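There are 2 protein chains.
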Amino acid sequence: MENRTQTSLIALRRILRATELNARTLARATGLTTPQLIVLEIVAAAGRLTPKDIAARAGVGQATATSLVDKLEARGLVTRTRGEQDRRVVWVAPTQAGLEMLKAAPDPLQRTFSQQFEALPDWEQAMIVAALERVGAMLNAGAIDASPLLDVGAVDRK
Amino acid sequence: MENRTQTSLIALRRILRATELNARTLARATGLTTPQLIVLEIVAAAGRLTPKDIAARAGVGQATATSLVDKLEARGLVTRTRGEQDRRVVWVAPTQAGLEMLKAAPDPLQRTFSQQFEALPDWEQAMIVAALERVGAMLNAGAIDASPLLDVGAVDRK
DNA sequence: AAAATTCATTCGCTAATCAAATCATATTTT
DNA sequence: AAAATATGATTTGATTAGCGAATGAATTTT
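Read top to bottom, the protein sequences are chains A and B. Plus 36 on top of the position in the first sequence (first one is 1) and you've got our numbering. Plus 36 on top of the position in the second sequence (first one is 1) and you've got our numbering.
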């Protein structure tokens with residue numbers, strides 16, 4: 037593998053690791069677990085969402101989404117309401133308390149990043165945006181082709 | 037928040053998400069879970085390690101490390117050996133089977149990324165490396181980061 | 001109207017994770 | 001040397017996450 041590829045991968049892992057650590061810290065600060073916090077953020081960002089959409093956006097199964105919403109509802113951070121026209125759907129929406137919790141626990145990673153990013157010269161901002169998008173596209177491309185292959189060639193399934 | 041900041045954050049999240057999906061796929065392919073795979077990689081990279089060090093590098097508690105090692109040992113992927121001079125410590129080392137599993141399950145994310153990255157024109161490679169390193173530095177600015185996983189081909193969890 | 005579909009939830013199960021307690025071995029103090 | 005302290009691994013007990021399959025309710029298609 038080429039040297040620069042290696043360097044990119046290391047940089048990428050450092051980014052991932054920083055994000056991960058941040059998520060844990062943040063979760064601890066709010067008293068929620070990371071997945072719960074993610075769901076709360078997703079719901080707050082969207083205004084209201086169905087469990088199905090929450091599952092899709094959070095990348096978990098529907099059953100898991102339901103149980104996470106359970107926890108949040110029990111803590112009074114979100115509400116459930118049956119759909120009006122389609123009564124199969126359930127609308128999950130943040131409560132005032134839920135919104136305040138998100139405000140009270142501003143994501144430190146995001147804050148640090150934003151501050152520093154906005155202080156960069158214009159050309160560097162542009163470069164970073166372009167590079168991040170490029171990398172994201174590259175990774176997503178791989179995820180799509182790779183998965184079907186891997187399911188077949190399982191190595192040591194029990 | 038500025039528009040470009042927002043765009044960067046979205047791109048970042050997309051990268052994160054791709055990585056998460058990749059971890060799950062990989063875990064499925066090997067029959068191991070992501071944390072188990074991480075531990076195996078850490079151990080293989082170090083040659084041999086104590087549970088305490090595994091815990092530190094994987095960023096989990098000692099108890100968790102023990103239970104993960106249990107799983108790997110049960111599958112014959114690592115061995116436990118009591119320390120010679122200090123019999124309190126336990127050395128965890130990969131077996132041949134463990135090493136082979138790592139070889140047989142190359143990280144698809146890494147592979148795809150590498151392939152695509154190496155196909156890029158020189159200037160773009162340079163740009164991406166610079167941008168990723170910049171972002172990593174920015175994110176790590178706040179937290180003191182031990183980043184123990186970096187040298188390993190870790191998959192990263194969510 | 002019957003069949004198929006769609007959504008949410010429940011159920012049974014496995015894994016991850018932590019904190020506290022426990023056990024064995026070293027090291028330090030008295 | 002004996003007692004106290006420290007260290008490392010493990011066990012125990014509990015919670016949370018997560019999945020797939022089954023269930024139930026409501027809607028759409030045939």
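The beta carbon of each residue, even a glycine, is placed where N, CA and C say it ideally should be. Model, not experiment: these values are computed from the prediction.
In this structure residue 93(B) does not touch residue 128(B) by the C-beta definition: roughly 12 angstroms separates them, more than the 8 angstroms allowed. For residue 107(A), the CB contacts under 7 angstroms within the same chain, skipping 5 residues up- and downstream, are 72 in chain order.
Annotation: residue 91(B) has no Cβ neighbours in chain A at a cutoff of 7 angstroms; minimum Cβ distance is about 15 angstroms. Counting the other Cβ atoms within 10 Å of the Cβ of residue 77(B) gives 16 or more, which makes it buried. Under the DSSP assignment, residue 126(A) falls in the beta strand (DSSP E) whose first and last residues are 126-130.
By DSSP's assignment, residue 115(A) forms a beta bridge with 129(A). For residue 156(A), the secondary structure class from DSSP, reduced to helix, strand or coil, is coil. In this structure residue 172(A) is not in contact with residue 74(B), their Cβ atoms being roughly 23 angstroms apart against a cut-off of 8 angstroms. Put simply, the backbone Cα of residue 58(A) is about 20 angstroms away from that of residue 135(A). Distance from the Cα of residue 114(B) is smallest, within the candidate group 98(B), 161(B), 45(B) and 137(B), for 137(B).
By the rule that beta-carbons nearer than 8 angstroms mark a contact, residue 52(A) touches chain B.
Taking 8 angstroms as the CB threshold, residue 45(B) lines the interface with chain A.
A direct Cα-Cα distance of roughly 6 angstroms separates residue 79(A) from residue 130(A). Think of a sphere of 8 angstroms around the beta carbon of residue 40(B): the chain A residues whose beta carbon falls inside it are 153, 161, 162 and 165, in chain order. Taking 8 angstroms as the upper bound on Cβ-Cβ separation, chain A lies near residues 111 of the stretch 102-119 of chain B. Rounded to whole angstroms, residue 46(B) and residue 117(B) show a C-alpha spacing of 46 angstroms. A Cβ of chain A is located within less than 8 angstroms of the beta carbon of residue 169(B). By the Cβ neighbour-count rule, residue 49(A) is buried, with 16 or more other Cβ atoms within 10 Å of its own.
Straight across, the Cα-Cα distance linking residue 149(B) with residue 132(A) is about 42 angstroms. Sequence-distant partners of residue 104(A) (beyond 5 residues in either direction) whose C-beta falls short of 7 angstroms from its own C-beta, in its chain, are 71, 72 and 75.
Rounded to whole angstroms, the separation of the alpha carbons of residue 163(B) and residue 40(A) is 11 angstroms.
For residue 175(A), the nearest beta carbon of chain B is closer than 8 angstroms to its own beta carbon.
Residue 161(A) places its beta carbon less than 8 angstroms from that of residue 153(A).
Ranked by Cα distance from residue 65(B), the options 140(B), 86(B) and 167(B) are led by 140(B). Listed along the chain, the chain A residues whose CB falls inside 7 angstroms of the CB of residue 48(B) are 168.
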